[in-house]
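Engineer: Before I ask anything, let me first share the structure, which is written out below as structure tokens.
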């Protein structure tokens, strides 16, 4: 206790010096954290999922689709290995408070976005089921969903036959390969592109 009181007295002998010392220590830790993040980004950049993937979207809005005919033009660009498509849907489940990202996606979406892990039989069911939908594991657990359930989404942008009701059949549950992003990425729903394209009242490919 004797030494502690001496140390305490020394610290407050020059408050300015003590404050500057503390600030320099904090700054050192902050710089270390920032520089280490840069180091990790540079050294692991080649192994990050999607590092060689380019997303093309409308400059107007995520609800403004691009013509599906552009796929062939994009495929013809040297270096392009594959092309897929997705469209923001923006539906809600029961209550706006339950919002989660939801999209309509092409049948080959999971070939291009391979970090989304999905059993082959579930992928096949998604591709062959017109009203099929796939959700992330976190979202399924949060809502108590299981394969075979019907998910009644309510459209906020794209009505269907004059109604906002979009009943979807849950045919698959995906997991993220990178578990560090699972909490966010697994709170998504993907619906069959063909169902969206043929049924919505506004946009046709």
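Numbering (the UniProt record's numbering), first residue to last: 1 to 205.
Here a beta-carbon is modelled for each residue, glycine too, at the ideal position from N, C-alpha and C.
(1) Which residues in the same chain have their Cβ closer than 7 Å to the Cβ of residue 98, if we skip the five residues on either side of it in sequence?
(2) Using the rule of at least 16 other Cβ atoms within 10 Å of the residue's Cβ for burial, across every protein chain shown, is residue 198 buried or exposed?
(3) Looking at the strands, I want to know which residues DSSP matches up with residue 225.
(4) If you run the structure through DSSP and keep just helix, strand and coil, what is residue 45?
(5) Between the segment 136–152 and the segment 166–185, are three or more C-beta pairs nearer than 8 Å?
(6) My guess is that residue 174 and residue 116 are in contact by the Cβ rule of under 8 Å, so how many angstroms apart are they, rounded?
(7) Kindly indicate which three-state DSSP category residue 138 falls into: helix, strand or coil?
(8) Residue 145 and residue 153 - do their beta-carbons sit closer together than 8 Å?
(9) Alpha carbon to alpha carbon, how far is residue 162 from residue 203?
Structural biologist: Let's see:
(1) 92
(2) exposed
(3) Absent from the model: residue 225. The displayed extent of the chain is 1 to 205, so no value can be given.
(4) With a pLDDT of 46 at residue 45, under the threshold of 50, the modelled position of that residue is not reliable, and the figure given next carries that caveat. In the structure shown, residue 45 sits in a helix (DSSP, three-state: H, G or I).
(5) yes
(6) 5 Å
(7) helix
(8) no
(9) 14 Å
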